[in-house]
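Novice:
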Amino acid sequence: MTRSYKLTESPVPVRRTESLYADIIADFVAQEAESVQVTIEGIKPATLRAGLRRALKGKEGEGVKPAQIGEMTYVVRVLAG
60 MTRSYKLTES PVPVRRTESL YADIIADFVA QEAESVQVTI EGIKPATLRA
110 GLRRALKGKE GEGVKPAQIG EMTYVVRVLA G
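In the numbering used here, the protein residues as written are 60 to 140.
Have a look at this one:
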């Protein structure tokens, strides 16, 4: 018995989530706010926090960290010192 299959030419979609998290951090750093709540439709809060943490990895000079309280995710400024 032979199996049938179909090949369809299609471009590979570009992943956007990594730079999306970096964009969120950059937008926050450009603001004057001490903290902001971040939501992305369809993204769970823990996944959002993990993505923000990965975007901040190696950027200790930013003075920013993600925080999660319950089902809400925040980006907050960290005081140096």
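Even for Gly, the Cβ is constructed at its ideal location relative to N, Cα and C.
#1: Run through the DSSP bridge pairs and tell me what ALA105 is partnered with.
#2: With a 10 Å radius around its C-beta and 16 neighbouring C-beta atoms as the bar for buried, classify ALA114 as buried or exposed.
#3: Tell me which same chain residues have a C-beta within less than 6 Å of the C-beta of SER133, skipping the five on either side of it?
#4: Measuring alpha carbon to alpha carbon, tell me which residue in LEU107, GLY129 and ILE128 is nearest ILE83.
#5: Looking at C-alpha atoms only, which residue of VAL71, THR98 and SER69 is the closest neighbour of ILE128?
Specialist: So, from the listed chains and residues:
#1: According to DSSP, which records beta bridges pairwise, ALA105 is partnered with nothing at all.
#2: Under this definition ALA114 is a buried residue.
#3: In the sequence as displayed, the identity of residue 133 is Tyr instead of Ser. Taken in chain order, the residues that qualify are SER94, GLN96 and ALA126.
#4: LEU107
#5: In terms of CA proximity to ILE128, THR98 leads the group VAL71, THR98 and SER69.
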